[in-house]
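Asker: For the sequence shown, my numbering assigns the number 1 to the initial residue and increments by one for each residue that follows. From the three backbone atoms N, C-alpha and C, an ideal C-beta is built for every residue, glycine too. Model, not experiment: these values are computed from the prediction. The structure is given below, and queries will be raised subsequently.
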Amino acid sequence: MAELRLFAGALGNYQGKPSFRFRVDGWPTDYPCQGKDLLLLEPTSEQGSEQPTFSCLTPIFGYAGTDTHTVDLTRLEYDTQYTIRIKTNLSERLKFRTPPSQLLTSESCLLLGLFSCYFPSDEYYFNPFRIKLALDKRAKNQPAGYEIPHVKIFCGDQIYADVPAAFSNQSPEDLYADRYSKAYSVSRLGLIVNQGANIFTCDDHEFWNGFPDFMPYLSRTFWDREKAAWTREGIRAFWRNSGVLNHVRQDNPLQPTEHNRCWRAYRMAEVDFFIADTRSDRASKSVPEAHLFTNAQKTALVNWVNGVERLGLLVLGQPILLNPDPFDNVLSDYKEDYRLLINCLLDKVEHGVSFVILTGDIHWGRLMYWGPRKSPINNSHAKLVEFVSSPIARVGTTSIFGESYSVGKPELTLLNPDSVEPLASFMRDREFDTTKIFGTSVNNFGLMQLGKTSDNKLEANFELWDIDRRSPELPDYAVNEWLHRWSGQVKNCRFERLLL
Numbered sequence: 001m002a003e004l005r006l007f008a009g010a011l012g013n014y015q016g017k018p019s020f021r022f023r024v025d026g027w028p029t030d031y032p033c034q035g036k037d038l039l040l041l042e043p044t045s046e047q048g049s050e051q052p053t054f055s056c057l058t059p060i061f062g063y064a065g066t067d068t069h070t071v072d073l074t075r076l077e078y079d080t081q082y083t084i085r086i087k088t089n090l091s092e093r094l095k096f097r098t099p100p101s102q103l104l105t106s107e108s109c110l111l112l113g114l115f116s117c118y119f120p121s122d123e124y125y126f127n128p129f130r131i132k133l134a135l136d137k138r139a140k141n142q143p144a145g146y147e148i149p150h151v152k153i154f155c156g157d158q159i160y161a162d163v164p165a166a167f168s169n170q171s172p173e174d175l176y177a178d179r180y181s182k183a184y185s186v187s188r189l190g191l192i193v194n195q196g197a198n199i200f201t202c203d204d205h206e207f208w209n210g211f212p213d214f215m216p217y218l219s220r221t222f223w224d225r226e227k228a229a230w231t232r233e234g235i236r237a238f239w240r241n242s243g244v245l246n247h248v249r250q251d252n253p254l255q256p257t258e259h260n261r262c263w264r265a266y267r268m269a270e271v272d273f274f275i276a277d278t279r280s281d282r283a284s285k286s287v288p289e290a291h292l293f294t295n296a297q298k299t300a301l302v303n304w305v306n307g308v309e310r311l312g313l314l315v316l317g318q319p320i321l322l323n324p325d326p327f328d329n330v331l332s333d334y335k336e337d338y339r340l341l342i343n344c345l346l347d348k349v350e351h352g353v354s355f356v357i358l359t360g361d362i363h364w365g366r367l368m369y370w371g372p373r374k375s376p377i378n379n380s381h382a383k384l385v386e387f388v389s390s391p392i393a394r395v396g397t398t399s400i401f402g403e404s405y406s407v408g409k410p411e412l413t414l415l416n417p418d419s420v421e422p423l424a425s426f427m428r429d430r431e432f433d434t435t436k437i438f439g440t441s442v443n444n445f446g447l448m449q450l451g452k453t454s455d456n457k458l459e460a461n462f463e464l465w466d467i468d469r470r471s472p473e474l475p476d477y478a479v480n481e482w483l484h485r486w487s488g489q490v491k492n493c494r495f496e497r498l499l500l
């Protein structure tokens, strides 16, 4: 039997209590096993109380023989930190904490992590270690467990299936297996993936840059047959490594009608979530029927937006504020879907509902928001916020045509919101004003903490952390210096509080 590994997935609510999904790798598919026979949970409930329940190890549908299973854990308590271990290997563990049942105070809060774009270069492969250090440092003066976000949101480009390009006869199956294994190894993303629950969406590099369009340096995009094979395996690999973890057991679930799709709606601590998939079913921007979503996902997303009563968090693979690019396709290239989504969001904001878009992709971390000039009905603080965290570790073009993982100098990225005409024209027509708060092109990760003020207003604290540093060795005396550095601005964390 292979060495068993755990991978944390999503949180949900089932029969009035929190639920949690995770993955177990290495258990033989043809050997049925109950979770309770293999796994340990700490803490257990008090004697006489209803005990948490492990489901059996469930093979991922369609992947018999891969020795990859999911487990759902139900009947958990709110606002509690848990540890799961494997009985045969106690050193393998994952930690997570369940959310509060509702946001009552600034202490009874929901903490979310935001991550995207991890290229495991020689320069930056250890950046997940930097993230763990930063979370530990942040939590130093807080109760145990506060270093663990309730949910970490991985919003795309967790692997680079196209860089370095595959010049050998490596099959799609083998290449994807290799790239996921490398990215999620215990010295890389594996350092943080089991510190709190996770939800995932994908973007283009889970397939190739600019997916689904042609890319001149990738032979897999030259011929329809090759392109279809790489697309099919890209969808399958993302699903079994990440997407399936979104589908935790919960009450009244929004179930995708498409197999192997990660989109999903949640409700957690009075907050509504929608995890969108803007890549798997995206059509080429050049075809007459260009679209971002299938009809099923588009209908579900619009219904979700219209049903949010107070605050909605929308996870997208790309920002809504993004210029068209000749070598990629962006959301605004898909005019019908783009207009529909933006108009639905702004309609609700004008009626007092706030939305926060959580996204990545652009190798630029930033915080912006749009507020209506006329005070919204019912809630004068309502706004549309876009929070971008990208990249964990940036990719370099020098790696495209070779097998090295070299990065080179970072790109200089500038931002003028008014230059993104598709969105600027929307905001002018709808009489919304734009506010840019901060941005950076260094490697970064984001945190968002939601709570309530003493006068019962909903408040979000946004943090963007710089994680660039050349040496993987960080003695204690260097940690303080690193944690007070921010791209020439004295400190390494920018933060902003917004009323929503």
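#1: Taking Cβ positions, are Ile153 and Leu112 nearer each other than 8 Å?
#2: Which word fits Trp223, buried or exposed, when buried means at least 16 other C-beta atoms lie within 10 angstroms of its C-beta?
#3: According to DSSP, what are the bridge partners of Asn198?
#4: Could you have a look at Gln255 and say whether DSSP puts it in helix, strand or coil?
#5: Using alpha carbons as the reference points, say which of Pro172, Gln195, Phe238, Lys182 lies closest to Ile148.
#6: Please state the DSSP three-state secondary structure of Trp230.
#7: To the nearest angstrom, how far is the alpha carbon of Asn127 from that of Arg240?
#8: So His291 and Tyr338 are in contact, right, with Cβ under 8 Å, and what is the actual spacing, rounded?
#9: State the DSSP-derived secondary structure class of Ser91, mapped to helix, strand or coil.
#10: With DSSP as the reference, label Val193 as helix, strand or coil.
#11: Ignoring anything shorter than 3 residues, give me the beta strand (DSSP E) runs that lie fully in the region 6–42, in order along the chain.
#12: Under a three-way DSSP split, which group does Met215 fall into?
#13: What separation, rounded to the nearest whole angstrom, lies between the Cα atoms of Gln15 and Ile320?
#14: So, Leu6 versus Glu92, is the Cβ gap smaller than 8 Å?
#15: Mind reading off the beta-carbon distance from Ile467 to Phe445? Whole number of angstroms is fine, and I expect it under 8 Å.
#16: DSSP has Gly360 in a bridge; who is on the other side?
#17: So, are the CB atoms of Leu189 and Ala183 less than 8 Å apart?
#18: According to DSSP, simplified to helix, strand and coil, what is Gln297?
#19: Following the continuous beta strand (DSSP E) through Tyr369, name the residue where it begins and the one where it ends.
#20: Would you kindly check if the distance between the Cβ of Phe387 and the Cβ of Phe462 is under 8 Å?
#21: Buried or exposed: which applies to Asp272, given that a residue is buried once 16 or more other Cβ atoms fall within 10 Å of its Cβ?
#22: Nearest to Thr80 by CA position, among Leu254, Thr88, Pro52, is which residue?
#23: Any contact of the region 172–179 with the region 73–89, i.e. 3+ C-beta pairs under 8 Å?
#24: Would you kindly work out how many angstroms separate the C-alpha atoms of Pro475 and Lys137, rounded to a whole number?
Answerer: Short version:
#1: Taking 8 Å as the Cβ cut-off, Ile153 and Leu112 qualify as a contacting pair.
#2: exposed
#3: Asn198 is bridged to Lys152.
#4: coil
#5: Gln195
#6: helix
#7: 25 Å
#8: Between Tyr338 and His291 the Cβ distance is about 10 Å, and since that is not below 8 Å, they are no contact.
#9: strand
#10: Three-state result, Val193: helix.
#11: 17–25, 39–42
#12: coil
#13: 36 Å
#14: yes
#15: A Cβ-Cβ separation of about 6 Å places Ile467 in contact with Phe445 under the 8 Å criterion.
#16: Paired residue(s): none; Gly360 is not in a bridge.
#17: Less than 8 Å divides the Cβ of Leu189 from the Cβ of Ala183.
#18: helix
#19: Its beta strand (DSSP E) spans residues 365–372.
#20: yes
#21: buried
#22: Sorting Leu254, Thr88, Pro52 by C-alpha distance to the C-alpha of Thr80 places Pro52 at the top.
#23: Note that the region 172–179 does not touch the region 73–89; fewer than 3 beta-carbon pairs, one per stretch, sit closer than 8 Å.
#24: Because Pro475 sits at a pLDDT of 34, beneath the cut-off of 50, its placement in the model cannot be relied upon, and the point is left open.
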